[in-house]
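Read the structure below first, then the notes.
Numbering (the numbering used here), first residue to last: 115 to 704.
Laid out in structure tokens, this is it:
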């Protein structure tokens with residue numbers, strides 16, 4: 115720890131904790147205890163970090179000797195690459211010897227029975243692995259190895275990984291089946307949440323690595339089958355309802371599109387952090403192959419500077435933050451800050467997603483505004499308004515005063531309260547407020563209610579809307595693109611692919627007639643309905659229902675006519691002479 119710059123006092127604390135721990139256990143009224151003088155406490159908050167500090171020397175040792183090595187906690191992967199099999203064998207043995215030496219130096223050990231050996235080659239003649247040993251134990255060659263949840267095979271095929279992932283998702287999906295029925299169980303919204311937020315994330319794990327493995331018909335059919343089961347549970351649909359019609363009802367892109375979306379999103383994050391190398395082949399070609407050149411807005415947000423940064427800390431905040439109650443604003447101002455240098459800020463976004471911000475003095479009426487374009491979020495606009503206000507005060511040489519800046523964005527105030535930041539703009543705003551507070555008596559960032567008659571806030575809102583309407587010449591974006599903005603553009607791209615797929619569908623005759631164009635607003639409305647109503651609506655929109663006509667086409671009934679003999683009993687049929695305006699529904703579901 116001392117080698118990594120950890121304070122000596124902290125090192126002594128940790129040494130005391132590790133060497134003088136008393137363990138106590140109780141069973142059957144008998145208590146026993148003992149002194150633990152080695153190892154980390156299981157479940158301890160510091161334990162993973164302490165292990166990472168310890169194993170870092172091994173990783174560094176292997177890297178310095180020319181090996182590629184990856185480590186995640188106690189899972190370590192070492193790669194030796196060479197065109198000649200014998201040379202590769204010598205290299206991996208050399209790496210194993212280095213590991214043995216490190217274990218001897220640190221008084222630790224590696225279990226050979228839990229160590230797997232994977233040989234990757236295109237040569238027909240397989241490498242003889244005899245002689246590759248760890249601690250004198252011959253390592254067993256495996257055809258496939260699972261590392262950090264992703265299965266790698268000796269021929270670098272993703273078939274096993276994809277099949278395992280899909281099968282696991284199908285088993286997880288069975289949990290929904292136990293919680294819903296055609297007319298009972300979770301609401302459609304709750305079932306949709308379980309499917310979208312629990313089942314699918316487990317399916318998408320590691321998609322940036324294996325997304326190419328789903329680009330074949332067989333796997334595509336398995337994914338469509340999985341989507342069919344999930345949507346059927348959400349909607350309470352008839353067994354053979356078409357998947358594409360249900361996707362159109364809920365505006366849910368196919369799983370193939372969603373997997374590519376997750377892969378693009380992950381690649382974007384890695385590239386922003388300098389850990390991604392794009393190529394024209396393999397998994398690292400996702401940004402080149404999955405985004406067409408016609409998607410200019412998406413490509414622009416992809417290539418622009420990002421607002422998302424790695425976790426950065428700022429301690430010792432010099433300014434204060436506060437969120438007063440609404441009752442304190444009854445008179446349109448906070449009386450206790452009378453005589454302070456008051457400023458009000460606000461951000462605005464119109465129906466075309468164009469944003470802007472403004473700031474105005476509550477005393478002198480001085481003001482400013484800035485156009486931020488189509489790609490800035492409302493949150494960014496609110497933060498930039500506070501940032502520009504603070505910058506203006508610094509540039510005017512304001513010193514030795516009591517300053518309070520009001521914003522109607524509670525999220526902005528809470529962000530400035532934190533000591534950790536993931537947004538470059540928020541971090542810059544925090545630094546600027548600290549700089550302003552350094553030369554003034556007091557600086558406070560306070561929340562104020564929006565659109566509640568607070569004069570300064572109303573004026574800032576008017577100026578922000580005005581600058582949005584006036585616009586600004588130039589090339590966008592004006593701010594670093596937020597990760598949320600990129601994800602929004604990516605979702606729009608996936609939705610456009612779904613719309614094109616639905617418009618090009620040649621089957622689902624009745625579904626296309628009844629559903630029409632895909633509408634996200636209608637999809638949200640469907641999810642808010644109760645299960646019984648959604649079930650009937652799905653029958654009507656898809657045309658697949660337990661009616662005599664549909665059951666006849668399935669070969670279950672001998673006739674597709676209604677019992678009144680007035681015509682076929684399909685969804686389109688509504689007029690029955692004997693029963694009035696009804697739709698006869700068979701309650702027997704296959």
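The C-beta atom is built at its ideal place from N, Cα and C for all residues, glycine as well.
Note that this is a predicted model, so its numbers are computed, not measured.
Classify residue i as buried or exposed, calling it buried when 16 or more other Cβ atoms lie within 10 Å of its own Cβ.
i: residue 607; result: buried
i: residue 197; result: exposed
i: residue 297; result: exposed
i: residue 429; result: exposed
i: residue 589; result: exposed
i: residue 223; result: exposed
i: residue 354; result: exposed
i: residue 441; result: exposed
i: residue 186; result: exposed
i: residue 149; result: exposed
i: residue 184; result: exposed
i: residue 201; result: exposed
i: residue 688; result: Note that residue 688 scores a pLDDT of 47, beneath 50, so its modelled location is shaky; the value from the coordinates is reported in the next line. So residue 688 counts as exposed.
i: residue 352; result: buried
i: residue 391; result: exposed
i: residue 136; result: exposed
i: residue 705; result: Within the shown structure, residues of the chain are numbered from 115 to 704, placing residue 705 beyond reach of any answer.
i: residue 174; result: exposed
i: residue 585; result: exposed
i: residue 701; result: Residue confidence for residue 701 is low, a pLDDT of 36 falling below 50, so the modelled location carries little weight and cannot support an answer.
i: residue 120; result: exposed
i: residue 658; result: buried
i: residue 704; result: Summary for residue 704: the model assigns pLDDT 28, below 50, so the residue's position carries little reliability; its value from the coordinates is reported in the next sentence. Residue 704 comes out exposed.
i: residue 406; result: exposed
i: residue 595; result: buried
i: residue 294; result: buried
i: residue 124; result: exposed
Shortest alpha-carbon distance to residue i belongs to which of the options?
i: residue 547; options: 530, 596 and 126; result: 530
i: residue 265; options: 497, 453 and 319; result: 319
i: residue 593; options: 485, 479 and 301; result: 485
i: residue 233; options: 257, 511, 214 and 169; result: 257
i: residue 641; options: 303, 205 and 625; result: 303
i: residue 497; options: 475, 479 and 522; result: 522
i: residue 579; options: 656, 632, 473 and 617; result: 473
i: residue 182; options: 167, 199, 205 and 168; result: 205
i: residue 279; options: 323, 292, 254 and 576; result: 323
i: residue 154; options: 167, 145, 147 and 121; result: 167
i: residue 227; options: 300, 651, 524 and 254; result: 254
i: residue 260; options: 229, 359, 577 and 655; result: 229
i: residue 569; options: 628, 457 and 502; result: 457
How many Å lie between residue i and residue j at the Cα?
i: residue 571; j: residue 499; result: 12 angstroms
i: residue 62; j: residue 209; result: Because the chain spans 115 through 704 in this model, residue 62 falls outside it and cannot be assessed.
i: residue 130; j: residue 221; result: 19 angstroms
i: residue 132; j: residue 161; result: 10 angstroms
i: residue 683; j: residue 602; result: Confidence at residue 683 is low in this model, with a pLDDT of 49, below 50, so its placement is unreliable and no value can be given for it.
i: residue 344; j: residue 422; result: 33 angstroms
i: residue 188; j: residue 165; result: 8 angstroms
i: residue 427; j: residue 483; result: 29 angstroms
i: residue 363; j: residue 127; result: 60 angstroms
i: residue 163; j: residue 117; result: 15 angstroms
i: residue 610; j: residue 410; result: 14 angstroms
i: residue 306; j: residue 460; result: 36 angstroms
i: residue 365; j: residue 348; result: 13 angstroms
i: residue 420; j: residue 399; result: 21 angstroms
i: residue 170; j: residue 176; result: 10 angstroms
i: residue 192; j: residue 558; result: 53 angstroms
i: residue 465; j: residue 371; result: 28 angstroms
i: residue 340; j: residue 622; result: 19 angstroms
i: residue 599; j: residue 417; result: 13 angstroms
i: residue 488; j: residue 179; result: 50 angstroms
i: residue 141; j: residue 157; result: 21 angstroms
i: residue 644; j: residue 314; result: 23 angstroms
i: residue 617; j: residue 654; result: 20 angstroms
i: residue 471; j: residue 526; result: 14 angstroms
i: residue 699; j: residue 292; result: Only weak support is given to the placement of residue 699: the predicted model assigns it a pLDDT of 36, under 50, and the value that follows is read from those uncertain coordinates. Rounded to whole angstroms, residue 699 to residue 292 spans 25 angstroms at the Cα level.
i: residue 628; j: residue 619; result: 14 angstroms
key: the segment 368-378 / the segment 632-648 touching (three or more Cβ pairs under 8 angstroms)   = No: the two stretches stay apart, fewer than three of their Cβ pairs being nearer than 8 angstroms.
message = Restricting to runs no shorter than 3 residues, where is the beta strand (DSSP E) found entirely within the segment 222-292?
response = If only uninterrupted beta strand (DSSP E) runs of at least 3 residues are considered, those enclosed by the segment 222-292 are 258-261 and 264-267.
query = What are the uninterrupted segments assigned as alpha helix (DSSP H) that are 4 or more residues long and contained completely in the segment 460-518, given in chain order?
reply = Annotation note: the segment 460-518 contains the following uninterrupted alpha helix (DSSP H) runs of length 4 or greater, listed N- to C-terminal: 492-509.
request  = Run through the segment 594-660 for me and flag every whole alpha helix (DSSP H) of 4 or more residues, listed as ranges in chain order.
outcome  = DSSP runs (the alpha helix (DSSP H)) wholly in the segment 594-660: 597-617, 623-629, 634-642 and 645-656.
query = Within the chosen definition, does the segment 386-401 reach the segment 330-348 through at least 3 CB pairs nearer than 8 angstroms?
reply = Note that the segment 386-401 does not touch the segment 330-348; fewer than 3 beta-carbon pairs, one per stretch, sit closer than 8 angstroms.
inquiry  = With three or more beta-carbon pairs closer than 8 angstroms as the criterion, would you say the segment 552-564 touches the segment 499-513?
reply    = Flag = yes, the segment 552-564 and the segment 499-513 touch.
request  = Kindly provide the ranges of any alpha helix (DSSP H) runs that are 4 or more residues long and lie completely inside the segment 512-588, ordered along the chain.
outcome  = Taking 4 residues as the shortest admissible run, the segment 512-588 contains the following complete alpha helix (DSSP H) segments, listed from N- to C-terminal end: 524-531, 538-552 and 569-584.
request  = With a floor of 4 residues, list each alpha helix (DSSP H) that falls wholly inside the segment 322-358, ordered by position along the chain.
outcome  = Listed in chain order, they are 331-349.
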